[in-house]
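Worksheet: one structure, shown below.
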Amino acid sequence: MERKGRRWRKTDLSRRLLNDRAAMPPAWRMWLITVDGRRSETELLTLAAGLGLDGCALIERLAADGWIADAAPAAPPPADTTPARRRLAAARMFAIDLAARMLAGRDAELRESWREVQDEASFERWLGDCAGRIAEVAGQDRAALFVQRVEGVLAEPEVVA
Numbered sequence: 008m009e010r011k012g013r014r015w016r017k018t019d020l021s022r023r024l025l026n027d028r029a030a031m032p033p034a035w036r037m038w039l040i041t042v043d044g045r046r047s048e049t050e051l052l053t054l055a056a057g058l059g060l061d062g063c064a065l066i067e068r069l070a071a072d073g074w075i076a077d078a079a080p081a082a083p084p085p086a087d088t089t090p091a092r093r094r095l096a097a098a099r100m101f102a103i104d105l106a107a108r109m110l111a112g113r114d115a116e117l118r119e120s121w122r123e124v125q126d127e128a129s130f131e132r133w134l135g136d137c138a139g140r141i142a143e144v145a146g147q148d149r150a151a152l153f154v155q156r157v158e159g160v161l162a163e164p165e166v167v168a
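Letter 97 of the sequence shown, counting from 1, is numbered 104 in the working numbering, and no numbers are missing.
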C-alpha cells in the first residue's frame, strides 16, 4: 500500500472528530493530530508504531472512512533552510523541557536519545518515543497534549527581530 513519499492530510471530518475527545481511541487521536500533509507515510507509520498501533491498517481504515486523504505532493524545500532549522531547534528544546515536566524525573533515557536528534526525521522518531513513554507514565491524553504542543512550536512562523 505504501508509496515512497506519499503524504496524508486530515479531512474536514477528522478535524470535527478531533474536537470530540470521545469520538476515537486516544492513541488514534494522538496519531491523527500528527497527520499534516507534510509527513511521509513512512514517518506516519513510525509514529503509529511508537503509539502501539498498526500504521498500515490504521491508514487504510481512516482513508476508507474519509478521515484522511492523499495530500498533494509537497513543494520542494526553500533554498534557505535556516528558518526551518531554527524552528526544529526551538521545538527540540521545548520538547525535552516539556517531556521532563510530564515525566517528573523519569526522562533520563529520553534525554540520552535527545542528544542524537539532529534533523527532522530523527526528531520525529524521538517525538514518537517520547509520546509512547508519556502515554505509559501519564496516559494517552497527556501524550496527545505533548505531541500537540510540540507540533505547535514546529508550525509557528519564525519571528524576525
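Note that CB positions come from ideal geometry on N, CA and C, so glycine has one too.
Bridge pairing for I75: K17 [DSSP]. In this structure G57 touches G135 by the C-beta definition: roughly 3 Å separates them, less than 8 Å.
The distance from the Cβ of A55 to that of L65 is about 6 Å, consistent with a contact at the 8 Å cut-off.
For S120, the enclosing alpha helix (DSSP H) starts and ends at A115 to W121. Within the DSSP bridge table, the entry for S47 names R14 as partners.
The DSSP-derived three-state label of A111 is coil.
The beta carbon of Q155 sits closer than 6 Å to the beta carbons of I40 from its chain, once the five residues preceding and following it are set aside; these are given in chain order. Residues of the same chain with a CB within less than 8 Å of the CB of I141, apart from the 5 flanking positions on each side, are A106, M109, L110, R149, A150 and F153 in chain order. Contact annotation: the stretch 123-134 touches the stretch 91-99, with at least three C-beta pairs closer than 8 Å. When the five nearest sequence neighbours on each side are left out, the beta carbons in the same chain lying within less than 8 Å of the beta carbon of L51 are those of W15, W38, T41, V42, G62 and I66, in order along the chain. Per DSSP, E158 is one residue of the alpha helix (DSSP H) stretching across Q147 to A162. Nearest Cα to R132 within the set S21, T49, T18 and R13: T49. With a beta-carbon spacing of about 24 Å, A71 and Q147 fall beyond the 8 Å limit used to define contacts.
When G112, R118, M100 and A138 are compared, the shortest CA-CA separation from L161 is found for M100.
With respect to the 9 Å criterion, F130 and A91 are not classified as neighbours on the basis of their beta carbons.
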